[in-house]
Each structure stands twice: as C-alpha cells, then as structure tokens.
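Protein chains in written order, with the numbering used here: chain A, 42 to 674; chain B, 42 to 674.
The following block contains the structure:
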C-alpha cells in the first residue's frame, strides 16, 4: 500500500515502495542523492529562512511579528515531510525517522483546538481565516499537510502526525461542507489530498468534500482577478474543460484530483472529460520535454501550439503535476500513452531541475537559453523564474520540496498490476514483487536504460497459475523487439507487449532502439518552424555553447550566438566516443542598422560535428547558452 | 515655437504647429478624429472613472476616502491637458479653450502651498510624499504636468496653469536639488519635462535638475525589486547603456531626456551613448512595425533578436516614446535614419492603436493574434495588455491620453529647418513655412502618401537668398526619383535628396516606389524563421483571417488557423483592385496525440491569392486572427 495513489478501482493497480526496489542506475542514483543531499539541503534552508520556525512562533505567540516567508510557506514543510515519509518507507532510515518525528511534532504543536493549522491567518494582526481564498493558499497548505499524512500513514501507520492530519481534514470538511463555506481555494491541491485520505481511512466524508471542491470550481466562486478567472480554473467547470489553461500547476493538480474523484465515485463523464483535456493538452500545449506552461506571466499554459522554446516556463512543479495526472490516468485506463508521458516528463523535466550535487534547482525549465546564465550566489535566495543556472533556493520554493517527495516515491511509477499479471511501465534496474490472484510473483530487472536500450527481466518467482508479463514499448521505440529466454527476437510494436506466463528462471529481453533521431515539430508551432531537435530513447538532447567552443568554429566569431548554427537533417545524428553528435555549418550574418530586408545567404563554411548534451544535464559546466531546437540548414 | 521639443542647439531645428499645417490625408484625418472623438472620449472617461474628480476631492478634503484610480492616474489628466493645449494651438478652438481652462483650474486648485501636487500622497491616511519612489510615480506625474505646461506656454503664453506648473517644477528642484533628496523616480519622464521647461523659461535650474536625475540613475539609488533594477534602468548609468533594456517606456523616456540634457549641456559623450544605444536597439530589439518591448512581463525589452511576434508587447506608449527619442536624435544629428524610425513607428504603432472611430485603443500591439479577440464591452474598462480588439479605456490608461497629445502635435514631426534650408522629414499634404537667414519660405505639399508615392512640393514663397529644399528618401525607397519643375526624374538614393534653391512657383516632385515588397527577417530572429512579411511603402501589411474566409479555402478546414497557410516568395506580392495580395497554398496538418515526430508534408492544394490588410487597420471588422509574418512555402 506504500504508494501515493491507491485507487479502489480502475484498469491497473499501482505497486508501491515495498513492492518495487530501484537499485542504482539513472533513477536509483537520483533517489540516493535525494536522500543524501536534497532532503537535508531543503531541511536546512527551511530552518534558515525561518519558514519552519513559523510553527514555533505560532506556539509561542510570536505571530505575526516573527513570521517569515510567503503565505504558502507552510506547504514547503509539508512537502518535505511527505518526502521524508516516503524516504523512510523506502529505506527505513532511523536517522530520518527521528528528524521526521521532531519536525512533525513542531507542526502538530501549532494546530488549533478546532483542527485549523496555518501560520499566516487568524491571529490578531493577521487576516482572518479564509478571508483571502483567491491568494491565501490555506486549503492548498492543508492539501499538502494531508498528503504528508497519507504518506506517513502508508509507510508507518497511525501516529500523532496522522492524528493532526485527520483533525485538519475534519476541520476542512466542517468549514467547507454542505452547510459551510461554499467556495474553493485559489490553488487546487486539497482535492487530490482529501481523495487520497478517503482511500487511506475509508472515510467517505473526505471524498465527498473533494468532489464538492471539484464541482464548485469553474462557476466564478472566487471572483475576478487581474490575471482573469482562468488563472485559477474558475472560468469553466472541470467536466466542461476541453484543454488545460491558466496556471499550469493549478490546472494539473485540479485535474489529478478530478480523476481521483471520478474513479471513486464512478463518474465516467468526469473521467472522460479529464482524459480528453489531457489528450488535447499533450497534443497541442506540451513541450518536447513534456514540460507544460508556455507563459511566464501567470505561469500559465499558452493557447494551442503556442510553445516558444525561449519562453517556456515549464515549471518543475508543473512537470511533477503532469506526472501525477498521467499516472492516475494510466491506472484508470491502462493506456500506455500516459506512461509515455510520465517517462518523458520524468527524464526531461523532473530530472532536469536538480543540479548534479542535489543542492541546486531549476524552477522553470527553458528549452532555449539566449544569454549565458549568471553564476549563482551559493547562499542567496533566487527569484522563482530565474532560469539561468540552478539556484539553491527560491523566495517561492515549491519546486525543491516537491522534488524531495517525487524522488522518494519514484518506485511507485515503475510497475502496475492487474488480475492478469504485472505491467512494467518504467525501466530501472531492481526488483518488482506483486501478489496476483495466480500467486505471488517476483521479477529482477537488469538494465542500463536509458544509456542502453536492453531491458532484461528475469522471473525470480512465478505465480502458480496463469499470468502475463507486460512490458511498455514507448511510442518512439519503433523497431523494438522482445525475446523470451533464448528465443528469437520478435517485433514489439509501441504500446504494450505481453508475454504469457513465463516460469521461474525465465528471462524476457526487451530491446528498445536507441539510435539518436531527428524530431520535427508540428508545422503549427510557429516558434520552432524550420528547426529540428534530437532525441535518443526517452532523452531530449540539446546544443550547448560550451560544446560549440570545443569545436573550431571561431573563424566565424560564433561566441555564444548559437542561433547562427545550422544542422543538416539528411543524415542521422551519429554517436561518436559515446556522445551524440550532429553535423553543423554556420550562417554568416552581417550586422546592420535594421534587421529586416533581404533574405539571408545560405549556410557557409566547413561542416563540423558538434556534441549534444542530454537536456537534463545542461548548464552543469558553467554559464552557457543552449537550445533544444536547432535551425535546419 | 509651437513644438514639443525646441533644442537650443543641434543639426536641425524643428518647425512647429504654427509653421506646418496638415490638410487632410492619412494624418490630417487622424488629427481631426483626435479632436472630434478621442479628446472628448478621454475627457469623459477620466470624469466617469473619477480620476479627474480626485483633484476636486483633494480640494474638498475628501482624500483618501474618495480617491479613484491607480497611483499614476493624475498623469492622465495632464497628458490630456497637453493634448488639448496642442490642439488649441493647432486650431484655435474656442470651445476646447474653455474646456482646457476649466480642467486646468481644477488641477491648479489642488496644488499645495509649497508647489506639491499629487492626489495620491501626503495626506493623513495616505503614504507620505516621496515614500515610494520605486512605484509611486510622483515625479512621473510632475513630468507630465510640466509637459502640459510647456505645451500651454508655447501655444498660449503664461497663464494660471503655467504658473502652477512653474511652482511645481520649483518644488521638485527644491526637494530633489543639490541639498535635497538624491534619488530618482521609478518612472522616468521628469527629465524630458524639466529640460523642456528650461528651454521655455530660460531657467538653468530646471536643466540642472534634469541632468541630475539622468546622472543619478543607474547606480542602484532606487533599491531592488522583484523584476530587477534593470526594470527601471537603475542598473547601468545612462552614459554606459549599450542597448535599451527593462521597461520600454521607462527606458525610452529616459533616453529622450538624456538627449535633451546632452544637447543643452554640450555633453557629446552622453549624446553619443544614447545614439549608439538607439542604433543597437533599432538593429536588434525592434519589431518590423517599429514597436518596442518583447515581454509582457515587465513590459520590457527582450534580449537581442528576441522578437516573438505573438508576444510582442509593443506598447503604444513605447511607440510614442520611440518617436520622441528618434525625433530628438534627428534634430541633434540631422541623420535621416531617425526620421525613418519616426515614420515607421507613426504608421505602424501609433496609427494602429486607435480604432477607426477614435474611441477604442490598443494598449499593446501584437504582430500575431492566435485566437480571435473577444468583442469589447463598450462601457467596460479593460486590463492593460489585452490585445484582442481595441478597448474604450483601461485600468492603466496611459495610451489613450498619450495618443491625444501625439496626434495634436503631429505637425511638429513633418519638417525641420537649418540655416541652409528646409527639410521635409514626413510626407503629408499641407503647408510648411519657415524663416531662413535667406528669408521666409513657404511650401505647399500635395500628396496622397502613403496610398501613393508621389509627393509634389510647390514653392509658394521663396527666400531672397540661396537655400536648399531637402527631401527625405526612406531607406526602403530604393529606386526613388526626384524631378524639378518639368525636368527629367533623377535617381534619389535613400537618405536625403537636396534641391538647390528652387524659386517661387517651382515644383519638386519626389516619387517613392510603392510596389509591395517581401521583407525577410535577420536569421538570428528565431521566432520568425522561415517566415516573411510584406511592406508597401512605410506600411507593414498583415494577413487577417477575415480575408482568408473570403477566399475558397474551406476545403481544408482552415477556419481561423492562419498558421497552416504558406506563401511563395519567388513572385512579388501583387496589387489587384487596389488591394495588396499574396499567393498562398495550404499545408494540411493531421491532428495527432503528440506534436513532434515526422517532418510535415509539403504545402498542398491549389494556389490562391489572398488580400492583405494594412497592419494599422487590422481587427476593424470584428474578431479575427492575424499575422504580420507569414510562413514561406
């Protein structure tokens, strides 16, 4: 039961942290780094900035005078607690357990007798409770508190912190129930949290409240704001939403909560509406990386096909929210394309945010950096949307804490089960265990994916009865093959490939084609017309100026102006010395007084091969410029 | 002396509203509409919203309780007063004179004994004076007050309102002089105003204060803000500025003031710095329309070549500010390229903002509208950056009032004089009079420009002595000719063409080539790669969806998705039935689940010709989509 999402119905059921072990590799290393570096880093920053201390100040009657941070800062402590809880569940760390308990106790101590808990509202000198639902984030904070409680309950069981969480949820239900305040929070999050708490506790009341919040929204209950009511999804009811719009994280959290509500209440119409909106959003409002949100203004989705790479907001939290939503839709429908979206977003948004040392983060994830980023001052808080180099912490610091809980719970995305068998959704070395109607099964997965496309699955323990082993073949993996034991490889089309009942000791090998490939954009995406990207497996590649400097292109005075490089797409990108390379020539551009007039000359000069970098690893070598989409010669 | 800018030195001197008459045509019609519709419209809205009433409330002690509008709303009344003053100077309207006097009296009544005048600050319950220089706009408001006073003094002479203005300026000099507050205002404007007041009054003190404001800025005197100190140009001193950055209107007003200060103090280094920054900004940070400001966030310039057409903020006021700056540089240097920039910006930004009825306005001027704009609610105030259909007024309503003063003073941009003769800088039918050392001269200009390229200049009165008649040949006008009397046309290269001493009755004909032409972007402008625009004379053309609907393209389900159209650039755009047309075909795009993958197919289907619309006239036929840059087949 140790997974963040446990629907009581749907096509697939998740396998949790006690069912799936990731042993090293791309994601295992990141989980280890999360535990060793990111969680302590975030813990220290929350203390240092006084955001954790707000709870102590509340207990000691020092609010509002001593309050630090923005109105939503409580939520950062909750997201960290959730991350710690999953990490404890994953590893059983005794040291972390002690830190969790101490931190949770400080939070619990600030809870008021009626269950209310927030350091920003309700005291003399503060705004009254729920007096600013548009921007106050009170229910948003409760949502993250509850998600932390769900993680704790699933990894540890009932304790004082879970008791705090249940009392907080009861307070919310009383305050906003059928006889209470009929409004919603400006920032969705409570929906997904209450739905999951209902799953943990079996209390229908929480589900009803989650449903109420989903249904109330979209009818203008929050009033207008300068950014427009679409900003917080109060312009159109969820079940009438055709495509996601407004603030991306808000839209995606809300949609995830709506899936939960739809599944638990058997509301097929609501589920279909969210699925259709997700489909259209993926087809028209999503970056190649899986990133969502094209506007810095309002941190919001653009309109269809408005996907400028240099303006991509693509907030890390929106990536996490997209993973949450697509994972829920995968469980609900069993359709591989949702797992494809999870994979793309994990490798190219979630993995891009943290620095190699786990102590710096991108808040936004641009696909095109025009000017070299500034060196980050190590001990300085950054503005949120500064996408130059990864920063240690932000004035609005949702992303680092959100990453802690995502990395700690990554195991939950790897595999699913159904009555028929086990489905491997993501590929990482490790073990997968499940209890099927046919009996228990255990798999050992061996792979260097995504560095290599070979995935070897050994059946360590086979069920007594009939069962299926199902492997996802990503949509990009045209030409994949699957081989059983020593059998000949057979073609495996994108979607799922199923092997019926391999016995103990049986080995299934999935081979995914990993040659780098050109990827062209839909011609309706104006911002990347005449440009092309390179992908290798699930990894989006990028052209970074530091790699251009290593090639002799200085005769054209290229400097950081990557815009003058042209690639030729009539030959495939090549792999050389383990690096993906593309052939480039340079366009010479004369400077003038006015940048409009004659057509530019053709690309000139000798063709050279330039290394690309994995997009998730860019800007690890100092200030640079970068582009995912490269002009075609 | 009736022009907004009267430097005491420089290459050229301006001719003012009493020297230049515009009789109908493109600009004459707009001047008439400004007087008949826009000025009364703005007047009524300022009353209706209570912004004018703030002055009455100040007098009656009803502030802050009864205050309406934002912190800078006083400035809108001042800009309107300036517009009225120029209009009175232009036409001598008795009715407008009465309205001006009444409105000015209400403003003057609110002035405090020490000269301070602002309805937002300094009273019990309001913030103290100058307690919020970052955002308070107090000196910005004083600047517009002073500019209104300058207009009044030049068109009418000293009166009670001018007295108010002088007392306000004296207050500013005392408050911010050598022994006073050493900071600056978050929004430049006071610089240009004080410099001009010094020119009007001969008082050196105002010039010194203007210079002090220019010099202080750029040293972090305002403190940091979330948008960064570049937002209000407090990061780099003006004389070290290499290219304009930050909030476009702020940057351009400041630069205009710096030119004034440089000229009046003989500071060649400062003048050269502003000229160089202007040159680089025109070459790298300016839209084809002349529009400036690529970011909605911070209403600011982007970096070099960051010019997305669909995100162009291109604020109307930034266009006006660019005209102000380029006009000053023209007067200072006598270089035709600054007059080119004025022309481009007037026709394609300033003329774009007002609706055909003079009662609606664009605040921002996008070059690509992706979704049809919403119908404007006639009596509703719009958010400032809503660029769909022209709106009657805005919550931040600088642009409509700024237009009133610009249209009323347009005559001042038409012609200049030097000791050698007269220079026609802009082409409009009417009369131009000047006093030269050689004697008085009067010209009659006959033209339908820009509908037609023929400009006929008749010398009605010739000076006694030697003189030159100089005509600007725009940079785009390759192939222009000039003919004197009945002589053969001679080639006239872009820049200036000079005719020596035509006598009374002599006629000089300039012929500018008006065939529509393809215009290609610099290859470093990523956002319009693979696209092309059409210009005809000084007019930028646009493809509007309402014109596509009139062509039989329905078989491809084109709808409003103009993005699927491709033009062929191997033939020139044609003129048919007086309309500019381009040949288009359509790209068929299949909808899929993911917009990245295979390259799209070639353009298909029958080629059709589609009318273009003058960019300044788009969206006059109801909601539509529009693009200036069209994808190439």
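All C-beta atoms, glycine included, are put in the ideal place defined by N, C-alpha and C.
Check residue i in the structure and name its three-state DSSP category.
{"i": "residue 412 of chain B", "result": "coil"}
{"i": "residue 301 of chain A", "result": "helix"}
{"i": "residue 59 of chain B", "result": "coil"}
{"i": "residue 442 of chain B", "result": "helix"}
{"i": "residue 608 of chain B", "result": "strand"}
{"i": "residue 585 of chain B", "result": "strand"}
{"i": "residue 226 of chain B", "result": "coil"}
{"i": "residue 430 of chain B", "result": "coil"}
{"i": "residue 249 of chain A", "result": "helix"}
{"i": "residue 341 of chain B", "result": "strand"}
{"i": "residue 68 of chain B", "result": "helix"}
{"i": "residue 211 of chain A", "result": "helix"}
{"i": "residue 269 of chain B", "result": "coil"}
Return the first residue and the last residue of the beta strand (DSSP E) that residue i is part of.
{"i": "residue 615 of chain B", "result": "615-617"}
{"i": "residue 488 of chain B", "result": "480-488"}
{"i": "residue 551 of chain B", "result": "548-552"}
{"i": "residue 474 of chain B", "result": "471-477"}
{"i": "residue 536 of chain A", "result": "536-541"}
Can you name, in chain order, every residue of its own chain whose Cβ lies under 7 Å from the Cβ of residue i, other than the five neighbours on each side?
{"i": "residue 280 of chain A", "result": "310, 311 and 314"}
{"i": "residue 327 of chain A", "result": "333"}
{"i": "residue 347 of chain B", "result": "335"}
With a threshold of 16 other CB atoms inside 10 Å of the CB of residue i, please say whether the residue is buried or exposed.
{"i": "residue 614 of chain A", "result": "buried"}
{"i": "residue 179 of chain A", "result": "buried"}
{"i": "residue 120 of chain B", "result": "buried"}
{"i": "residue 154 of chain A", "result": "exposed"}
{"i": "residue 350 of chain A", "result": "buried"}
{"i": "residue 199 of chain A", "result": "exposed"}
{"i": "residue 617 of chain A", "result": "exposed"}
{"i": "residue 519 of chain B", "result": "exposed"}
{"i": "residue 341 of chain A", "result": "buried"}
{"i": "residue 399 of chain B", "result": "buried"}
{"i": "residue 639 of chain A", "result": "exposed"}
For residue i, collect the residues of the same chain with a Cβ closer than 8 Å to its Cβ; drop the 5 residues on either side in sequence, then sort them by chain order.
{"i": "residue 690 of chain A", "result": "Residue numbering for chain A in the displayed model covers 42 to 674; residue 690 of chain A lies beyond these limits and cannot be assessed."}
{"i": "residue 367 of chain B", "result": "319, 379, 380, 382, 383 and 386"}
{"i": "residue 181 of chain B", "result": "113, 116, 226, 227, 228, 229, 230 and 231"}
Which same chain residues, not among the five before or five after residue i, have their C-beta less than 6 Å away from its C-beta?
{"i": "residue 51 of chain A", "result": "304, 372 and 373"}
{"i": "residue 624 of chain A", "result": "609, 648 and 650"}
{"i": "residue 187 of chain B", "result": "206, 210, 234 and 238"}
{"i": "residue 582 of chain A", "result": "575, 621 and 653"}
{"i": "residue 358 of chain A", "result": "290, 439, 440 and 443"}
{"i": "residue 292 of chain A", "result": "274 and 285"}
The alpha helix (DSSP H) with residue i in it runs from where to where?
{"i": "residue 118 of chain A", "result": "114-132"}
{"i": "residue 50 of chain B", "result": "Per DSSP, residue 50 of chain B belongs to no alpha helix (DSSP H) and is neither H nor E."}
{"i": "residue 179 of chain B", "result": "179-196"}
{"i": "residue 135 of chain A", "result": "135-150"}
{"i": "residue 363 of chain A", "result": "357-374"}
- request: Output, in sequence order along the chain, the residues in the region 624-645 of chain A whose CB is closer than 8 Å to any CB in chain B.
  value: Those would be 628, 630, 632, 633, 634, 635, 636, 637, 638, 639, 640 and 641, in chain order.
message: Tell me which residues of the region 266-288 of chain B have at least one Cβ-Cβ distance to chain A shorter than 9 Å, keeping chain order.
response: For the region 266-288 of chain B, the set of residues with a beta-carbon nearer than 9 Å to any beta-carbon of chain A comprises 267, 268 and 269, in chain order.
message: Tell me which residues of the region 562-582 of chain A have at least one Cβ-Cβ distance to chain B shorter than 9 Å, keeping chain order.
response: When C-beta distances to chain B are compared with 9 Å, the residues of the region 562-582 of chain A below that value are 562, 563, 564, 565, 566, 567, 568, 569, 570, 571, 572, 573, 574 and 576, in chain order.
- prompt: What residues in the region 499-516 of chain B have a beta carbon less than 9 Å from any beta carbon of chain A?
  reply: Of all residues in the region 499-516 of chain B, 516 have a Cβ within less than 9 Å of some Cβ in chain A.
query: Got a sec: which bits of the region 331-362 of chain A sit with their beta carbon under 9 Å from any beta carbon on chain B, in order along the chain?
result: Those would be 336, 337, 338, 343, 344, 345, 346, 347, 348, 349, 350, 351 and 352, in chain order.
- request: Report the residues of the region 309-322 of chain B with a CB closer than 9 Å to any CB of chain A, ordered along the chain.
  value: Listed by position, the residues of the region 309-322 of chain B near chain A (Cβ gap below 9 Å) are 320.
- prompt: Using Cβ-Cβ distances below 9 Å, what residues of the region 402-420 of chain A are close to chain B?
  reply: Of all residues in the region 402-420 of chain A, 409, 411 and 412 have a Cβ within less than 9 Å of some Cβ in chain B.
query: Using a Cβ cut-off of 9 Å, which residues of the region 654-670 of chain A contact any Cβ in chain B, in chain order?
result: Answer in chain order: 668 and 670.
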